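A quick write-up on the structure given underneath.
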Amino acid sequence: QMSVNTANTPDGDGVLIYNGEVIHVFTPLISFTFEKNENEGLLGKMDGQLFLTSHRIIFRPMPPKAGVITFEMPFHALDKVRLEQPIFGANYIHGFVQAAPGSNIRGDVPFRMTFSKGGCVEFGLMLLQAVEAAERLTRPQSAPPPYAPPAGAYYAAPPDYYTPSAAGGIQQQQNVLQNAPPVFSDRPPADAIYMAEAPPPYAGVGEERAPQPTEELHRAGESAAPPPYSATSDGLRQRRN
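Once you know that position 199 of the sequence shown is 872 in my numbering, the rest is easy, because the numbers rise by one and skip nothing.
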């Protein structure tokens, strides 16, 4: 259920989260490397923003690169995630994200994340526990539905879409993400976060939060389901305008 350019508004100017989804960690600058995979255009190193929500990871290249505006990775689609701490060189996170029926990516995509502003270990520990919790919640008896990007109206995200920084991690017994460790003190830019009308289509491991009635939200625009994807010259499938 990983996918390209389905976690952003149609104009590409903002990140689009589900109604009830919460951002637990934000960092304004990481390096994300797509390693060799079946999607020819999805390759190489990109710098950008990283969001860890109650349901997934969203990477947002800044600026967009090679046709990638956002890349989302639900926790249940992650596999073989490792926190690497080499004696020489920077710490990094390595793993694979698995394609699922209905997504716009083929095969498994190996990735690597490094954190230029620090926080790799803290983020890695949170991610490892989130993946473990998602596996218990969604496999095999309650597998997530086929991928479907959010459709309908979207709204300016309410103030509580982001949990304030505090010491935290995952509550092991409750499988619930806590607030971000102090190393992640930056808040996402408020004018770049939007909320879809639809609730998350699969279970999360973060704070339980009921979707807000849309009449209580400030309407920002309309978001239709993405039209068909077509192969570009570099092999990456993008939306047709």
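Every residue gets a Cβ at the ideal spot worked out from N, C-alpha and C, and that includes glycine. Predicted model, so just to flag it, every value in this text is computed and none were measured.
What's the gap between the Cα of residue i and the Cα of residue j?
i	j	result
residue 764	residue 886	42 Å
residue 695	residue 726	5 Å
residue 699	residue 719	17 Å
residue 807	residue 876	8 Å
residue 716	residue 795	26 Å
residue 854	residue 788	14 Å
residue 829	residue 863	9 Å
residue 888	residue 682	20 Å
residue 690	residue 762	34 Å
residue 827	residue 684	12 Å
residue 697	residue 800	11 Å
residue 740	residue 785	19 Å
residue 688	residue 728	14 Å
residue 686	residue 751	26 Å
residue 882	residue 874	14 Å
residue 703	residue 676	19 Å
residue 868	residue 760	42 Å
residue 850	residue 734	25 Å
residue 708	residue 753	14 Å
residue 730	residue 890	24 Å
May I ask you to report which of helix, strand or coil DSSP gives residue i?
i	result
residue 767	strand
residue 749	helix
residue 888	helix
residue 857	coil
residue 867	strand
residue 809	helix
residue 717	strand
residue 799	helix
residue 695	coil
residue 783	strand
residue 832	helix
residue 878	coil
residue 680	coil
Assuming residue i and residue j are in contact, meaning their beta carbons sit under 8 Å apart, how far apart are those beta carbons, in whole angstroms?
i	j	result
residue 872	residue 692	5 Å
residue 711	residue 755	Not really, about 22 Å apart at Cβ, beyond 8 Å.
residue 705	residue 732	5 Å
residue 825	residue 757	Contact flag wrong, Cβ pair sits at about 41 Å.
Using CA atoms only, rank isn't needed, just tell me which of the options is closest to residue i.
i	options	result
residue 858	810, 701, 682	701
residue 742	787, 721, 697	721
residue 834	856, 757, 861	861
residue 803	878, 679, 711, 703	878
residue 775	884, 753, 679	679
residue 792	766, 865, 738	766
residue 810	723, 748, 737, 783	748
residue 892	677, 866, 882	866
residue 745	832, 798, 782, 797	782
residue 723	884, 805, 797, 831	797
residue 790	713, 856, 832, 714	856
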